[in-house]
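Working notes, structure below.
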Amino acid sequence: MSTVLENVRQFFGVAKASAATGYRKAVEAVASGKEFDGPKLVDTLALAGKSIDGFEQDVELWTSRHQAAADLKTAAGMTAELSRLEAVETKAVEAREALRKRHIDEMQAADAAYNDAFGQRRSATHQQQNLRDRAVRVLTTTCDPSIAQQMQALTHQRDETMRQKNELGRSMPLPPPVIASPGAMQRQEAESTAHAQVLIDRQAELQRLDQHAISLGEQIAALEAKRLDPTACAIG
Numbered sequence: 054m055s056t057v058l059e060n061v062r063q064f065f066g067v068a069k070a071s072a073a074t075g076y077r078k079a080v081e082a083v084a085s086g087k088e089f090d091g092p093k094l095v096d097t098l099a100l101a102g103k104s105i106d107g108f109e110q111d112v113e114l115w116t117s118r119h120q121a122a123a124d125l126k127t128a129a130g131m132t133a134e135l136s137r138l139e140a141v142e143t144k145a146v147e148a149r150e151a152l153r154k155r156h157i158d159e160m161q162a163a164d165a166a167y168n169d170a171f172g173q174r175r176s177a178t179h180q181q182q183n184l185r186d187r188a189v190r191v192l193t194t195t196c197d198p199s200i201a202q203q204m205q206a207l208t209h210q211r212d213e214t215m216r217q218k219n220e221l222g223r224s225m226p227l228p229p230p231v232i233a234s235p236g237a238m239q240r241q242e243a244e245s246t247a248h249a250q251v252l253i254d255r256q257a258e259l260q261r262l263d264q265h266a267i268s269l270g271e272q273i274a275a276l277e278a279k280r281l282d283p284t285a286c287a288i289g
């Protein structure tokens with residue numbers, strides 16, 4: 054009896070190991086998408102003592118682990134590409150830094166050129182103004198005194214002309230009132246005609262005063278220019 058049981062035990066062990074191997078092959082086959090005999094798969098599950106739910110879980114586990122292993126291999130293969138991209142990035146950083154430095158250098162050179170030009174122009178402007186002021190001061194203080202006297206008289210005339218013009222402009226007569234009366238129509242027409250004539254005369258006088266003021270200004274300007282003539286001096 055013991056011999057028979059021992060044989061059974063050995064057979065059971067071999068069958069169990071074979072079932073485990075068959076089950077693993079079944080998991081790998083289904084997970085890999087290979088065709089598999091349905092009845093044979095059922096027998097394999099039964100011999101291995103596995104349920105269909107457990108089989109599905111093992112298939113998912115096999116699939117996920119093999120996908121993870123494939124991803125790991127892919128990641129390892131990306132090292133060379135990453136090294137290339139890093140080199141490209143380094144060159145880009147170096148180019149950007151060189152451009153930034155060149156921009157700073159160019160801006161500093163431009164600022165220096167601007168400051169130099171501005172300083173020279175300001176110095177020349179001051180020199181020009183000083184020369185002009187000194188020359189005008191010398192020429193105006195040493196010119197023929199009669200020129201200054203003429204300018205003073207003309208300036209007084211121009212001021213008086215402008216005063217008369219302003220006063221005349223403020224005293225322009227108002228139009229006569231309109232009277233809606235038949236008996237006053239003739240008198241009103243005569244007053245309107247007289248008012249119109251006064252306006253014409255005032256406008257003509259304003260124009261004359263304006264022209265006279267312009268003429269006086271031109272004479273003063275001419276004397277001012279003459280005063281700056283180096284030959285217009287009282288000698289002897």
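According to my numbering, the stretch in the sequence shown is residues 54 to 289, in order.
The C-beta atom is built at its ideal place from N, Cα and C for all residues, glycine as well.
What you are looking at is a predicted structure, and each value in this text was computed from that prediction instead of being measured.
Coarse secondary structure for Gln63, derived from DSSP in three states:
Walking along the sequence shown from the start, residue 63 turns up at place 10. Interpretation of Gln63 is limited by its pLDDT of 49, a score under 50 that renders its predicted location unreliable; no figure is taken from the coordinates.
Leaving out five residues before and five after Leu192 in sequence, what residues of the same chain have Cβ atoms less than 6 Å from its Cβ?
For the purposes of this step, residue 192 is taken as the residue at position 139 of the sequence shown. Hits under 6 Å: Leu281.
Thinking C-beta only, is Asp197 closer than 8 Å to Ala285?
By one-based count along the sequence shown, residue 285 stands at place 232. By one-based count along the sequence shown, residue 197 stands at place 144. Result yes, Cβ atoms of Ala285 and Asp197 sit closer than 8 Å.
If contact is defined by three or more beta carbon pairs under 8 Å, each pair taking one atom from either stretch, is the region 107–120 in contact with the region 135–151?
no
Where does Tyr76 land, buried or exposed, given buried means 16+ other C-beta within 10 angstroms?
By 1-based counting over the sequence shown, the position of residue 76 is 23. Buried, by the Cβ-count rule.
At least three beta-carbon pairs within less than 8 Å, the region 86–103 to the region 123–139:
no
Lys218 vs Leu259 beta-carbon contact at 8 Å
Counting from 1 along the sequence shown, the entry for residue 218 is found at position 165. Counting from 1 along the sequence shown, the entry for residue 259 is found at position 206. Going by C-beta atoms, Lys218 is nearer than 8 Å to Leu259.
Here's a check: name, in chain order, each residue in its chain whose Cβ is nearer than 6 Å to the Cβ of Ala303, leaving out the five neighbours to either side.
The requested residue 303 is not part of the displayed model; the chain covers only 54 to 289.
What separation, rounded to the nearest whole angstrom, lies between the Cα atoms of Asn168 and Ala274?
To locate residue 168, count along the sequence shown from 1; it is residue 115. To locate residue 274, count along the sequence shown from 1; it is residue 221. Taking the straight line joining both Cα atoms gives about 39 Å.
Touch check for the region 249–267 and the region 205–221: three-plus C-beta pairs under 8 Å?
yes
Secondary structure, beta strand (DSSP E): runs of 3+ residues fully inside the region 73–126
none
Through-space distance from Thr246 to Ile253, alpha-carbon basis
Taking the first residue of the sequence shown as position 1, residue 253 is located at position 200. Taking the first residue of the sequence shown as position 1, residue 246 is located at position 193. Roughly 11 Å separates the two Cα atoms.
Cutting at 6 Å between CB atoms, please list the residues of its own chain near Gln63, excluding the five before and the five after it.
Taking the sequence shown and counting its residues from 1, one reaches residue 63 at position 10. Its pLDDT being 49, under 50, Gln63 is placed unreliably by the model, and the measurement read from it follows with that caveat. Nothing listed; no residue qualifies.
Roughly how far, in whole angstroms, is the beta-carbon of Val141 from the beta-carbon of Phe108, given that I think they are within contact range, below 8 Å?
The count along the sequence shown starts at 1 and reaches residue 141 at position 88. The count along the sequence shown starts at 1 and reaches residue 108 at position 55. Going by Cβ atoms, the distance from Val141 to Phe108 rounds to 49 Å, so no, they are not a contact pair.
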